[in-house]
Structure formats: C-alpha cells, structure tokens
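Protein chains: 4
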Amino acid sequence: MQIGEKKIERPFRWGIVGGGKTSQVGYKHRLGAMRDNTSFVLTAAAFDVDFDRCKEFGKNLCMDEDRLYPDYQTMFAEEAKREDGIEAVDIATPNFLHYEATKAALEAGLHVICEKPLFFEVEQGEEIKRLAEEKGKIVCVTYGFSGFELLQQMRSMVTSGMLGKINMIDLRYAHGFGCDPEGDVKSEGQKWRVDPSKVGRAFVLGDLSTHTYYMSQMICPDQKLKQVLCDRQAFVGSRYPLEDNAYVLMRYEDGAVGRMWCSCVNAGDMSSQHIRIVGSKASLEWNDMHPDELHYQPQGQPEQILYRGMGYLSPEAQEDERLGALHYTGLIESWSNLYGRFAVAMDAKNRGDEETLKNLVYPDLEHGIDGIKWINACAESADKGAVWVDVK
Amino acid sequence: MQIGEKKIERPFRWGIVGGGKTSQVGYKHRLGAMRDNTSFVLTAAAFDVDFDRCKEFGKNLCMDEDRLYPDYQTMFAEEAKREDGIEAVDIATPNFLHYEATKAALEAGLHVICEKPLFFEVEQGEEIKRLAEEKGKIVCVTYGFSGFELLQQMRSMVTSGMLGKINMIDLRYAHGFGCDPEGDVKSEGQKWRVDPSKVGRAFVLGDLSTHTYYMSQMICPDQKLKQVLCDRQAFVGSRYPLEDNAYVLMRYEDGAVGRMWCSCVNAGDMSSQHIRIVGSKASLEWNDMHPDELHYQPQGQPEQILYRGMGYLSPEAQEDERLGALHYTGLIESWSNLYGRFAVAMDAKNRGDEETLKNLVYPDLEHGIDGIKWINACAESADKGAVWVDVK
Amino acid sequence: MQIGEKKIERPFRWGIVGGGKTSQVGYKHRLGAMRDNTSFVLTAAAFDVDFDRCKEFGKNLCMDEDRLYPDYQTMFAEEAKREDGIEAVDIATPNFLHYEATKAALEAGLHVICEKPLFFEVEQGEEIKRLAEEKGKIVCVTYGFSGFELLQQMRSMVTSGMLGKINMIDLRYAHGFGCDPEGDVKSEGQKWRVDPSKVGRAFVLGDLSTHTYYMSQMICPDQKLKQVLCDRQAFVGSRYPLEDNAYVLMRYEDGAVGRMWCSCVNAGDMSSQHIRIVGSKASLEWNDMHPDELHYQPQGQPEQILYRGMGYLSPEAQEDERLGALHYTGLIESWSNLYGRFAVAMDAKNRGDEETLKNLVYPDLEHGIDGIKWINACAESADKGAVWVDVK
Amino acid sequence: MQIGEKKIERPFRWGIVGGGKTSQVGYKHRLGAMRDNTSFVLTAAAFDVDFDRCKEFGKNLCMDEDRLYPDYQTMFAEEAKREDGIEAVDIATPNFLHYEATKAALEAGLHVICEKPLFFEVEQGEEIKRLAEEKGKIVCVTYGFSGFELLQQMRSMVTSGMLGKINMIDLRYAHGFGCDPEGDVKSEGQKWRVDPSKVGRAFVLGDLSTHTYYMSQMICPDQKLKQVLCDRQAFVGSRYPLEDNAYVLMRYEDGAVGRMWCSCVNAGDMSSQHIRIVGSKASLEWNDMHPDELHYQPQGQPEQILYRGMGYLSPEAQEDERLGALHYTGLIESWSNLYGRFAVAMDAKNRGDEETLKNLVYPDLEHGIDGIKWINACAESADKGAVWVDVK
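Protein chains in written order, with this note's numbering: chain A, 1 to 392; chain B, 1001 to 1392; chain C, 2001 to 2392; chain D, 3001 to 3392.
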C-alpha cells in the first residue's frame, strides 16, 4: 500500500484551461491532480471565458490572483516569462477548442492533459503527435474512469490468459440524463454538447463511448479493432443530426466481436458503464457504480468476486493502492490514480526514460487518436445506413 | 390469490411425445401441466424412440402401462379409439419433428402444445394454421419462461403508458454452457441441437433467442418488428455453419430500436436472460434469475423494485398468484402458469368462447410463426454478411 | 440429475387435515407432495372445519367426493376401513391441534407429516415419540424452506471443515407483513396466529424462527445450543403478551455464539430469511429470496458464489437436482425435495431400513421437539426480563 | 451542486499529530482535509515517534521541513511562536494519547480534530469540555464514515416522520481482517489495538462500533439510548480480555430496541458496515460498500433505491454535493464532507456564530463522550456476564 512514497522528485506546476464555475468536470481534474499535492500543484488558470467569473472562482480556491488569466493564450505567454511558470496544462474546455489549445500549449513548451474526445480529425492528431515529439512533451487524455485499480486487474487477467482466447467485448455507457430535452437549452454544460459546431460529428458517441472504448483497449491491449457497424438515433429529435443513442457492433482482427451501447436516453439507469470481457474459458464483468468489485466467472466453476485493496490482486492492480481493503473508492480515486500516472509519464519524458514511458499504462496521444478513429468510423457507418466500415 | 379456484370444469386428458429419460425439459412440461391436477392429467405418452426406455420411464411415473406407446402415430391411433382417450398432446421432441407431429395430432383431433422453435418454415406454420382452424383446435408454444407473473406486470405498465413511448428493447439470452465442445458429442440432449438436419438454420438463435423474443412481444404487444441485422459466429468451430453466438440489431416500425444477444459461449454467466424496456420516461428491467423482482426506473426519480405477490401489482400480474408474497417462485411456476393458460384456451376453444381466447395472453400459433420469421430473418441477414433484412 | 428415477416403489396414499380454502400453506403441501405423483398421491382430505367448503374445495381439486371428510377423526376411521386407505397424513391445522391430531393419526396407524411448530410442550413431544416408536411410524415436520439444495451444500461445507471451526451462527427471519394491525382481525389465516389459546407462548418465535433455527441445525449438525437470551416486543400493542419482534442471543456448548432476529414488523423487508455461518477461516451466507445462490467467503480470498445445479457442488447438494443449472428454483421445489425425503423415510421405516433413516437429512420428530425447546426457552428468557436461560 | 463556492473566508492552517508512515488512516485525514485546499492547508506535522521517519514522510509530501516536529509538545510550542502558526490540529495517534494531546492542543489555543474513540473515561471528556469552553475552541471527532451524503438523507427522512415511529435500529460493523492472529504481532497499525494499555477496555467495540453507533445517533437524533446488553468473545484467544467479536442488544427510552454486531473475525465479509432503521411504516437500509445507494422500503409498497446526487434528495443531502449523479463517491468524499463541516464549525466558533454551530450536523465533543459511554457500558455488561446495564 502506498503510504507517503514519492513517485516523482517534486510536483509539477500545473495550470488549467476551462473547468471553472460552469464545469462539472473541473472539480474532478483538480481533485485528481492534487492528491497529497505530490503530483501537481495548481498554479495558474484560465477557468472561464468570463474573466470576472474566472477571478472569483480562482480566489475561492485560494489561488494567487496574479496567476488567473482571461484566456489560455495570455496564460501561456505570461507563465512562460516566469521562472516558476507552469510546466503542464490541462485542457478542460468544450471539444472544439481541444486542438488549438493543445497545439498552443505544446508550442509554449508545456506537457498537456486534454479532455476527451481529443480532436475531431485524425490528421489533427497526427500533426500534434509530430509537434509533441519535436517539443519532447507528452499529451495525456483524461479518460477519467480508467484509473480504477480493478481495471488494471482485468488487464492482468486478460493478458496472462486466465480467460482463454478473448471472444467478445461487450461495452455500455448508457444513462438517462438526456431524456429531458430541456437540459439541452438550460444547462451551460449541456448546451455545447448538442451543437455540431462545438462537438463535431457525434454527441454520445464522443461524450460517452470514447471512455468505455479506451477502457476496453486498456484491458485487452492485444485486440485490434477492424470494423464497426453503428445504428444511431436522435430520440430527442432536436438533437438530429447528432445522436442521443447508438448501437455499435464490432469485429476485431482475430475474429473476436464486440458491442457498444451508448446513450443518454436510457431512462432511469443509474449504473451507466458496464464492461464484460468474454473469453473461451471465463469472463470478467465490471461496472463503474461498484468499481471496487470485479466478477470473474470461469465456466463451470463458482463465480468469484474480487475486491480492490486485497493481496490476491496482481501487482499492477495494487500499485496505486492507498486506502486499504474495506475502504471503498469513488470516481475521484480513479482520477487521482490517472493524474499520478500522468505525472510519472511527464517526469519520465523529462528524464528521457523511455523504458518507464513504454511500460506505463495510461491514456496517451495514441489512445486519443484511436478515439477519433472510433467516433468517425461509427458516424460514417451510421450515416451510410448502419453498414460495416473499416476503422482507420 | 388463487386458493383452489377452478378455471376449467375438469382437467384435460393429456399425452406427451418425447420428454423422456434423455430430456431435461420433459420434467418441466409434466410439472407445469400437473399443478394440483386441475388443468391436465398425464394420461398417455410416447416418451422415447426407445420403447423399452419409454416403458420403464412411464412406470416410474406410475403411469398405466397400456397408455405407453412406441411412437406418436400409435399413440394418436390407439387413444382415438378410447372413450377416455387423450384430448391434448405435448410435442417435446427435437425440432425437426415438430411439424409432422403437430400435423398428425391436429388430424387426430387433439389440441397441441409444441416446443419452440415451432417449425422451420413459415409456410409450414400457415398450413398448420389452416388445419387447426379446420379442426377447431389450438396450438400453443412452450416459451416456458413466459409464464412469470412479473412479465404480465411489465405488459401492464408498458401498455398503460407508464414508460412513455417505447424507444428501446434490449434482450439477452446468453449463457456459457456451450463453451465446452465435448457436450456436443457426449450429451444426447445437446447432440441434435448442433445438427443442421435436426434444427434447421440456427442453433442458439432458435434454441434461446426465440424465448426472449416472444417475451418481448408479450410485454410490448404494440411494437411491430420491421428489420433485423444479425452477425453470428461459431466460436466452437465445429458448429459452423450453425452459430453459438449471435448479435442482432432490430428496428421497429414506429422508430423504436432493439438488440438481442444470444449465446451459449458467454463463459460463466449464470444470469442468462435479461429484458430491458426503455421508454421516453422510464425503463423496466427483469432477468430470469430473479424472476420475482422487477426494476422500474423512472428518469429523475428513485428506482423502484416491484415484487411478485404484492397487492400493488396490476390485476393481470396477480391473476396466477398462488404462493403469496415472500414465497419466491422458480421456473416451474412459470411453466405452471403457462399450462394453466393453455388449458383455459383449450376449454374456451371447445366452448366456442372467442372472447376469452382473444384476451388470453399466451404463446399461440401466431407467436410460433413469428418465431420462425425471426430465426429465418436473422439467419438470412447473417448469411449475407450481417446486413439489414426485412422480417416477413 | 434426477430424470424419472424411482426413489420408492410406489407413491404413498396420502391425506391432509386442514390446508383448505382459507389456508395459504395448503397449496405448498399439495404441490410439494405431488411432484410427478411419485412420492404421494392426494387421496383423502378433511380440509376445513366447514364441511361444505371442504367438499367444494376437494371437488375443485378433482378429488373423489367420497374421500372428503368433515373432520380428521372421521377421516382416520373411514380410511382405516378401506383397503386403499391412506397411509400417511399431513397435519396442516392451526398449532393448537397439532398434538391431538398427530396422536390420533399415529393411533390410526398412519405416518405423520406435521406443520411447525410441532406442539406446545416438550412432554407432548416425548409422548408422541414413544407412541410413534410403538406404532413403527415416523413423524416429519414441515420446515418448508429446508429442502433447498444449497442448504445441503452448506451442510457439506460446514461438516467437511471448509469453514474452520464454527464461531458464529447469525439467523434472521424478519419481514414486515405484520406492520398493519388490521391483518390480525381481518385475515382468517392471521387471526389464530395472534391468539395465545391457539399458538401457545409465542407468535413470531414459533411461526417464523423455528424454520430458521431448524435450518441452522441442519447446516451445523454438530453445534449444540446451550443457552439463549431473548428480548421480545409487541410493537403492535394488541399482540401482547405475544411478540411481533424478538432478538435472541445464543451460546453453544463449544463456545460458538449466535443471533436470531425474528419479526413481522420489519417494515418493507422482502428478503426475509438470512443465514450466515461464520467459521474461523471462511463464512457462508444464504437467503431464501435467492435460494439458488450461496456466498462462500474465505477470509483473504475472493468471494465465491456457488449456484444450484452445478457439478462442483457436493453429491448431497446434487441429489435432488431435477431442473438443471440456469433454471432457477422457488419455494415449491424446496417443499418437493422435502416431501420426497419424507416418502423415502416412510418407505425405509416400513422396510425396517434404519441405515437409510439414520443418514437421511430431513426434519424429524427430534427436530420438532428441539423447536419446542427453542420457543419455550426464548419465551422464558423474555418473560424473565431477557436473561440467559438454559435450553432443555 | 457545489462548484467552487466558498464556505469559509480562508482555509485554516492545520497540523497533524500521528498519521505518518505506519498509519493507514493518515492519508484519509490529509485527503479529507485538503479538498480543493479551501478548508484546511497542511502546515505542520509531528507524524511519528521516529523523527527521521517523520521528516522523510513530510518531505515526500512536499512540506516545509521547518514545520516538521519530533513530538506534539514541540509542535504546539513552536507553532505558537509564529504569526502563521497552525490554528487547528488533528490527533491521529493511538487511543491512549488522545486525551493528553487534546488537552495540550486546547491549552495551546488550537481547535482539535481527534480520532475515535475519543478518550477512555467520561470524566476526561467532561474535563476537556470545560477546557474547550474556556478556550473558545471546538473538538471534533473523526467518525470518518459519517460524512456520506445519504446519511443526511436518512436523517431527513427519519426526522420528518417518513418511517413512522422508529422501532428498531440494527447496526453492524463486522469484518474478518482479524481472523489471522499474525496481524496482531506483525502489523504496527494493529499491534497497539489489541493492547489494553493502549486502547482501554475494548478492541472492536472501540475501534469499530463507535463509528456505527455515532452514525445511528446522527440519523436518529431523537432516540436516547437507555440500556445495553453485551456478550463479547475473543475468538482469537490471545486477545482476551479484549474482544474481537461482540453482540450488543439495545433499549431506547421510548421503547425502541436495537442491535449492534461488531467483529473483526467475521471471516470473508467485505461489506462491513450496515445500518437498518425500522419504523412502524417503512425502513431504511444502507451499507458503506455502496454508500451512494439508499434503500427505502415502505411496507406494502415497492421498494425504492435513492441515489446520491439526485434532485429528489433532501436539501441537507445535497448540500455537500460536488460530483454529480452517476459519479459515485468513496470513503474519501465522506472524509472531505466531514472536514468541510469541521472547518465551518471552527469558523463559526471563531465568529461566535452559535446558531450555525447548533444546526451543523457533525461529530462533536458530546458525541465523542457518548462514544465513551457506549464502550464502557458495553464492556461493563459483558464483564458481568452479558446483563442489562444503564448507559450513563
């Protein structure tokens, strides 16, 4: 169990773009980053398009007023002038700003943590990849559910062959909080999500399914997605041509198959994200409502429930352990584990430690690009009438 | 609560074809039929292709040896000669015999209860329909899970509009007992199920998904299926060209959509059959492992769990109640409720009471034909590479 | 799996006292007894104190009207005169009649199946024991929940030492259907249960806790109860001096301890009966709402869920298996398994096969007497102000 | 939802005694206190009896080395000299140091947050109460599970009468991590817990049950405990005369009754803490493994599950909401909510705002004293042979 061990020499000075008063996700970024103040220290922020609101918000968080900025351009420029300027930045804006803000951050010499979905086009991802390499920086993607420790356990069990050959990957991120169309108009956090000019080709496929898709990649690193077929609907009609519900079928290169259901009109469902991995010998099932419980189901044997924090888990699943068994975790611990890994990755990059970088499991730029490919292939399939399309 | 009330004047004399020593389902038929001996009395049987085994089996059940027959042809002929001959017969044979045995039974003047899937071809169904009408008999299909009382509750809630407009129907009948290919060779009950000459175009699509598909029709009587897309696999390769796993997407005439997952290679899953109905305002969720619990999830309100046997259920859901709340039911009660309805239907048919027949909710010949359409549309879609096909 | 095997040569001719129109439990007796008609055949009945109601009820069940009787005395006398008279009788009356009816039945040469709690006084039990021995008959007690197959699995695991030394036995039978005092007045099935002249010294202690107490004895055959302490209440005041809620603490001879909570005012609880056995190395947990699932919890290892019908269970837990895995059971199967064992016991007694009798696990006269001791010790403790009393 | 709102003008400068390298609970204190750095800022520490280990630990947390101290006496003295000295201190030491450290802190003019159980004797509590009043400071107790939002919901529902009259309070804090006696010797965090000189009269009664007992007081503020009866055991014999298992029965002044089971030898149980409140009309059930789900069970109506973060909850239950529905919380959020309330209480005390203090729901000195009374009454009862004793 982690009790006060150091993972990096000192915390990174860290800034944030977005994530202010009207953002529900900003709190998760801050809490995730600030665990024990050993990975990141919140140093500067451009929280909001409304600078007054930004300043009030920052002061409430006891931040230094000098480090609050009207926009990211100013923040990057001013911080660059300081000896104690920020070293990493978080892009927590609506989707359409991810690309330009990430680009500007890299050009300002910062490591980047960007909200999902990363960008709209694969080409943008490739360009950013070249830029990041050139600048010697890394780009992380906040698939915020992917830090749960039992996901590492799933990965350990899958890659060690405990399930036999992987045959099926069944994914779901489907809740009902979009049933009421009023939210599209009234909530600032929702409004841009249903505006194609702000989110690109997809609503729930981008907003929800990219999370679960990444998690499936993390758990099953050897499965290469080949084709998808997507049927999507706007049950709340005003959302058309974006979708509030989508069914996706998947085919992997090795013959495995999969499904994804993503939805914000799955009325009343409070257990939104489910992952089931079916092997030839056994299955694993996990959901994000009870993230510290993992069901392992070997065919013909008793079902097992594995709990977070226990000594029988794989070393990878115990690596981030801090609370101890019986003390259950929530979403914030997932974010904290993730941010802890981001800091380790940045530190390794700074030190030129490619070995550490290669072995560290975290959502990086490649995964972000995979997310773009996923969304675009699904949207293309749906727009052609729900036919099979290659993922590329 | 039902305590000794009569539903029909006297029980039907009832015979069975198949369902003997090597059949796992025969017990369910007998127990379902024989509740309190008020609906059916087991009178004659052709349990087995092996007549000695049939006789031994019948004697163990304390049956009159004279009423045990080497085959259904003999049984129908001999019973027809008796004043106390059977009035109804159960066809519990492998699938490929359903059509001819049903036809022979109707011609012998018997009501028929037939195992699912009914026949291989829609034309056979239509022919049997004409014959049944001509003979004034009915044909019931043993979708044995469809007698659970809470399914009636789901139907009541759906048809009364408590869920709003139905948007999605998510179905699953997926277990893992086919993971081991040895069963295909060793188990008599399994062997014929993977032989195309005995089961027609499909394995799990016929063996499993027809159950859940009927249940969805029963719950949502107003939803008309328009198109399906099916991707199927034989993860145990020897089963090809039959499938042991299938993903189906559905489109309904009114814009609703749905999914079905049926599988016998869903390793380790013990909660095999799930039904989720998603409306614009609320959802319902049920599974056959806990059949006396129904989850009602109105968006934005607390989730509710409704229990069988309670006074707050609809009259339809309480109609078959015999145990009382807290006393939980299993699969046998579902079969008993179903057989009770079959008896009421036969009695109504005999009395020319079309009103009762029309209002009685039970799987009849039309539903059996719908099941054939379902299987054939799925198989056609899969064979064309998983494309959309019309259900007809 | 049981498929049509014979356990006894032919079914017993069986009669019932009580269990008619106003009885909720009669259906469970009949269905339990009549599985496949191979253990018992319902032959005669004195269903009701109201003979007209008895006759109507019997006719609805398609019974021979000649075998319906106005009272058990007449039934025993008349049946004794027939060559095909009943051989066993079920006492399903209110508690205060158990003793005299059982005595009369034994004197009439019948095996007896009696509802719980057996009698009011230990002395009555001892007298009946002598009478039964003299007559060469057995007396069974319908602890109707005790036939679930996974209870046999629990017994196998406990007696084979898989839990280590048994330290705690935590029991609960606590529902809320007595919250409404109106039931005491309005329901015929409830009225006598709150009348001390009909039920003796206890209401829920007798009506509910004797079930769970027997099940704990069955699971842990080596634990000898030494002392109890009981605090009881009548939260619905009109029930005083009977209780509608009781907390019991238990001390076993070997230092193990236990608890029982029995209640009919545990508002809203639908999962009424729970059993938890805690050993020095592992625990078992079971509840009657999900009787086909058994939680096995070895300390420091993943929790396991064992399911009924699976090949990994002990031979004892598979002995009564008829449905097959995935096909879940309800309360009726528990009753059926129990009645099947009663028939085997009666047959063994008739054949003088003491070896079979000794090894057969079923609630016999001794267990019935233990139930009386349990109730009386609890009542005595409570009446003395909730102090420790010896169980004797 | 809380998004960056200020609850107090600026965070308190905060120190900690204990909670270092060998302490599992220290992380929870730090994370709880440091949410968004708006309630407390970790400023000084005496983490350890081993000063080198303290210094290394503090440096890993990026603390200023000058503010790391060899013991609390030095810390209080040195900090008192500074203008920016600490204003509040956390006592996270083994139990036997709570009293003297709290006393010294108050004398040094600090607000105190103390681990449970508070002290050994009621008299110590009374003395500290007088001292705190004299100094104008408050003493909070870290019942760390009591900050979950749904506990506030339970309180709202109980006090508003939704359950009717409260009849029963059923409590449990029983896990199995003490099954292995080796832990008593090998783990520094466990060793002192089984040493009477360090923990006083009780092991699990103090270590575990005080948590759940306080939570029951918080939920049912009007229930006054009158008598307890406790039977306790040391199933691991070396723990005698301390207990590793205890059963407690409770009687409240208004006739309600209750139970507590606390244990560290409840082998294999991973769902350790349960609270069930039974009223005359409905019950509530909650457990700390799934803290964001509350079961509300009105007798005769469908069961309801209420989820954290939803608009249908009481204002009190929404007050600390920061994550939003579907984003589930863990133990750290409970601690954070609690520390947030401690800060508000200290701020109110500083401002002389008695109104705020009176209405704020948090575990204060009185609750700490109640915990001492609870432990001592239980121990006294057990030592007298498990008899009823008054709580005083």
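C-beta: ideal position from N, C-alpha, C; glycine also.
If you're wondering where the values come from, they're calculated on a predicted model, not measured in any experiment.
Query	Result
Partner residues on chain A for D/N3060, Cβ-Cβ distance less than 9 Å	G4, E5, K6, D36, T38
7 Å Cβ cut-off: residues of chain E touching B/M1270	Of the protein chains in the structure, A, B, C and D, none is chain E.
C/A2345, enclosing alpha helix (DSSP H) - first and last residue	2331-2351
From C/A2045, C/D2052, C/R2251, residue whose alpha carbon lies closest to that of C/V2017	C/A2045
Endpoints, the alpha helix (DSSP H) within which C/Q2223 is located	Where C/Q2223 is concerned, there is no enclosing alpha helix (DSSP H), given that its DSSP letter is neither H nor E.
Within 7 Å of chain C by C-beta, residues of the segment 1021-1033 of chain B in sequence order	K1021, Q1024, Y1027, R1030, L1031
CB contact check: D/E3333 to chain A, cutoff 8 Å	yes
Residue range of the beta strand (DSSP E) that includes B/V1248	1245-1252
Alpha carbon of D/A3104 to alpha carbon of D/G3206, nearest angstrom	23 Å
Same chain only: Cβ atoms within 8 Å of C/G1955, ignoring 5 sequence neighbours per side	The displayed coordinates of chain C run from 2001 to 2392. Any statement about residue 1955 of chain C would go beyond what the structure contains.
Limits of the beta strand (DSSP E) - the one that A/E437 falls within	Since the first residue shown for chain A is 1 and the last is 392, residue 437 of chain A is missing from the structure and cannot be characterised.
Chain D contacts from the segment 2237-2259 of chain C (Cβ-Cβ distance under 8 Å)	N2245, Y2247, L2249, R2251, G2255, V2257, R2259
Assigned exposure category for A/D66 - 16 Cβ within 10 Å defines buried	exposed
Contacts of C/S2197 in chain D (Cβ-Cβ under 9 Å)	Under the 9 Å cutoff, chain D gives no residues; its nearest Cβ is about 27 Å from C/S2197.
Buried or exposed (CB count within 10 angstroms, at least 16 for buried), B/T1329	buried
Nearest to B/C1179 (by Cα), restricted to the options A/P94, A/H175, A/Q299, A/A101	A/Q299
Chain B contact for A/E303 (CB, 8 Å cutoff)	yes
8 Å Cβ cutoff, C/R2351 in contact with chain B	no
Where D/F3145 falls: helix, strand or coil (DSSP)	coil
Alpha-carbon to alpha-carbon, A/P302 and D/L3326	30 Å
Cutoff 6 Å; reference C/P2094; Cβ partners in own chain excluding five residues on either side	W2192, K2198
Inter-stretch contact (C-beta, 8 Å, three-pair minimum) for the segment 3120-3134 of chain D and the segment 3331-3346 of chain D	no
DSSP-derived helix/strand/coil call for A/V25	coil
Beta-carbon proximity list for A/A174, same chain, < 7 Å, skipping 5 on both sides	W261, C262, S263, N266, D269, S272
C-beta contact flag for D/L3249 and D/V3228 at 8 Å	yes
Secondary structure of A/F47, DSSP reduced to three states	coil
Start-to-end residues for the beta strand (DSSP E) that takes in B/V1278	1273-1279
Nearest-angstrom Cβ-Cβ length linking B/T1142 and B/H1029, presumed shorter than 8 Å	7 Å
Validate contact between the segment 244-259 of chain A and the segment 153-173 of chain A using beta carbons, cut 8 Å, 3 pairs	yes
Bridge-paired residues (DSSP) for B/A1282	B/P1298
CB-CB length for B/L1118 against B/G1371, believed under 8 Å	6 Å
Cβ pair D/A3108, D/F3076 closer than 8 Å	yes
Proximity test, Cβ basis, 8 Å: C/K2281 and chain D	yes
Chain-order list of residues whose beta-carbon lies under 6 Å from that of C/F2051 (same chain, five-residue window excluded)	P2070
Host alpha helix (DSSP H) of C/Q2318 (start-end)	2315-2318
Beta-carbon proximity check, B/R1155 vs B/M1218, cutoff 8 Å	yes
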